[in-house]
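J.: Take any residue in the sequence shown, note its place counting from 1, add 375, and you have its number in my numbering.
First the structure, which I've put down as structure tokens, then a few questions once you've had a look.
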Amino acid sequence: MSTTARTTRRTAGSAAVAAASFLLLAGAGILAAPTAYAGIPGGTSAADRNSDFNGDGYTDLVTGVPGGTVDGREGAGYVNVQYGAPNGIGTNTTVPKGRVELISQSSKGVPGTSETGDRFGQAVATGDLDGDGYDDLAVGQLGGVDETADDAAGGLVGVYYGGEDGPSGTEGPGTAPQWWSQNSPGVPGAGELDDSWGNELSVADVDGDGCADVAVGAPGEDADGEAAAGAVSLLRGSQAGLTGTGSQYFDQNTPKIPGAAESGDGWGAQVRLVDTDGDGRAELVAAAPEENAGDGAVWILPASGSGLLADGSRSYGAAALGGNAHGAHFGSVIDE
Numbered sequence: 376m377s378t379t380a381r382t383t384r385r386t387a388g389s390a391a392v393a394a395a396s397f398l399l400l401a402g403a404g405i406l407a408a409p410t411a412y413a414g415i416p417g418g419t420s421a422a423d424r425n426s427d428f429n430g431d432g433y434t435d436l437v438t439g440v441p442g443g444t445v446d447g448r449e450g451a452g453y454v455n456v457q458y459g460a461p462n463g464i465g466t467n468t469t470v471p472k473g474r475v476e477l478i479s480q481s482s483k484g485v486p487g488t489s490e491t492g493d494r495f496g497q498a499v500a501t502g503d504l505d506g507d508g509y510d511d512l513a514v515g516q517l518g519g520v521d522e523t524a525d526d527a528a529g530g531l532v533g534v535y536y537g538g539e540d541g542p543s544g545t546e547g548p549g550t551a552p553q554w555w556s557q558n559s560p561g562v563p564g565a566g567e568l569d570d571s572w573g574n575e576l577s578v579a580d581v582d583g584d585g586c587a588d589v590a591v592g593a594p595g596e597d598a599d600g601e602a603a604a605g606a607v608s609l610l611r612g613s614q615a616g617l618t619g620t621g622s623q624y625f626d627q628n629t630p631k632i633p634g635a636a637e638s639g640d641g642w643g644a645q646v647r648l649v650d651t652d653g654d655g656r657a658e659l660v661a662a663a664p665e666e667n668a669g670d671g672a673v674w675i676l677p678a679s680g681s682g683l684l685a686d687g688s689r690s691y692g693a694a695a696l697g698g699n700a701h702g703a704h705f706g707s708v709i710d711e
């Protein structure tokens, strides 16, 4: 798989799950207490759990709607942003009205149009990727009608960077996001139909450099001939934004990761970056709910100043926590 910053429009990829994704913009896997207080501008950091796109000190809310119809195209998908305020988040019908935005492939100023089955908004995650004090938005997209195009066949991730006006594309508000695919420079591997790269996203600072990183789950990825064994990529944040430099790729056949890749495991169906040991670096939690014929299991990959490590990784299932493992689908849902 590989990835690159795309300022041009992507093509479509694969199809998948149909539920809406909700993310309270307390950050997707971000770590400590917020540095900005309600109504007091102060910025966020890669270590904050709050998510504040415009730096006003209020936490915002993102809702992914991957099955949403856009311009008559079913399943094109979109994302809603609701901005925090003294009276909380609002809608177009509340009194007073809240500040809301709808972001889609057909948003004004965005090259191209939404396509049937794009499933834009399949996953949403936020964090300060460039360390500028504004939280940024990553959006996963799975499908579309052009399922043979290299850049989108395996899925896409679009990044909108926060600022005073909220999340913006590469040319400012209302423009296309920075597009990433498995074919982007610096990201290992290659995009293939039904990889489902971007089906799951989590954002947090893995290496402690002050810029949050992005974990991308690809539960449909093949591994050494095993169909849909699954994989996880890590894209690195930097002061210049998300970058392919230093990107990492893991599957169950990566040396020192417990177990072996098997068809249908779906490793990476859930991914979370969380700092469970309080060292300022977020470890990766990756789940394979279909492991061992549906028993399910979770893997923990430790973090370091150079990124995630396979060495020292471990896995466990329901039985290790006192549960009955048979058919448990352990790891199907993991809390942020």
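All C-beta atoms in this analysis are idealised placements derived from N, C-alpha and C, irrespective of residue type, glycine included.
1) With the cut-off set at 7 Å, would you say W642 and G619 are in Cβ contact?
2) Do three or more CB pairs link the region 608-619 to the region 633-640 at distances below 8 Å?
3) Would you please state the rounded distance, in angstroms, between the beta carbons of G472 and G463? I believe it to be under 8 Å.
4) With DSSP as the reference, identify every bridge partner of A500, one or two as the case may be.
5) Using C-beta distances below 6 Å, list every residue in its chain close to D686, excluding the 5 sequence neighbours before and after it, in chain order.
6) Please state the DSSP three-state secondary structure of E666.
7) Give me, in chain order, the residues of the same chain whose beta-carbon lies closer than 6 Å to that of E596; leave out the 5 immediate sequence neighbours on both sides.
8) Rounded to a whole number of angstroms, what is the C-alpha to C-alpha distance between D654 and D507?
9) According to DSSP, which residues form a beta bridge with F713?
10) Check A334 in the structure and name its three-state DSSP category.
11) Measuring alpha carbon to alpha carbon, tell me which of P677, L696 and A661 ends up nearest E711.
12) Should G459 be labelled buried (16 or more other beta-carbon atoms within 10 Å of its own) or exposed?
13) Taking only runs of the beta strand (DSSP E) that begin and end inside the region 414-476, which ones reach a length of at least 3 residues, in chain order?
14) Tell me T491's beta-bridge partners as DSSP assigns them.
15) Counting along the chain, where does the beta strand (DSSP E) carrying R647 start and finish?
16) Taking 7 Å as the cut-off, decide whether the C-beta atoms of A657 and A579 are in contact.
17) At the level of alpha carbons, what is the spacing between N467 and V475?
18) Below 7 Å CB to CB, which residues in the same chain sit around D435 once its five sequence neighbours on both sides are set aside?
19) Where does the unbroken beta strand (DSSP E) through A590 begin, and where does it stop?
20) With which residues is W321 paired in a DSSP beta bridge?
21) Using the beta-carbon count (16 or more within 10 Å), is P560 buried or exposed?
22) Mark L648 as exposed unless 16 or more other C-beta atoms lie within 10 angstroms of its C-beta, in which case mark it buried.
23) Tell me the rounded alpha-carbon separation between A403 and H701.
24) Pick helix, strand or coil for W572, following the three-state DSSP scheme.
25) Checking 7 Å against the spacing of the C-beta atoms, do A513 and V534 come in under that value?
26) Let me check one thing: in DSSP terms, what residues is G671 bridge-paired to?
27) So Y691 and V673 are supposed to be a Cβ contact under 8 Å. How far apart are they, rounded?
28) Would you decide whether R689 is buried or exposed? Buried here means 16 or more other CB atoms lie within 10 Å of its CB.
29) Could you spell out where the beta strand (DSSP E) holding G533 opens and where it closes?
30) Where do the N-terminal and C-terminal ends of the beta strand (DSSP E) with S556 fall, by residue?
T.: According to the data block:
1) No, they are not a contact pair.
2) no
3) For clarity, residue 472 is Lys in the given sequence; the question names Gly instead. The pair is not a contact, with the Cβ atoms about 13 Å apart (cut-off 8 Å).
4) A513
5) K631
6) Helix at E666.
7) D570, G605 and A606
8) Approximately 22 Å between the Cα atoms of the pair.
9) In the structure as shown, the chain begins at 376 and stops at 711. Residue 713 is therefore absent and cannot be evaluated.
10) Limits of the chain in this structure are 376 at one end and 711 at the other, which puts residue 334 out of reach.
11) Comparing Cα-Cα distances from E711 to each of P677, L696 and A661, the minimum goes to A661.
12) Per the 10 Å Cβ criterion, buried.
13) 436-440 and 453-457
14) In DSSP, T491 forms no bridge with anything.
15) That run of the beta strand (DSSP E) goes Q645 to V649.
16) yes
17) 7 Å
18) L400, S426, D427, F428, V456, Q457, Y458 and G459
19) Going by DSSP, A590 is part of the beta strand (DSSP E) stretching over D588 to A593.
20) No answer is possible for residue 321: the residues shown for the chain start at 376 and end at 711.
21) By the 10 Å Cβ count, P560 comes out exposed.
22) With 16 or more Cβ atoms within 10 Å of its Cβ, L648 is classed as buried.
23) Unreliable positioning characterises A403 in this predicted model, as indicated by a pLDDT of 37, which lies under 50. The coordinate reading is nonetheless provided below. Their Cα atoms are separated by approximately 30 Å.
24) coil
25) yes
26) F705
27) Confirmed, Cβ separation roughly 6 Å.
28) exposed
29) L531 to Y535
30) Q553 to S556
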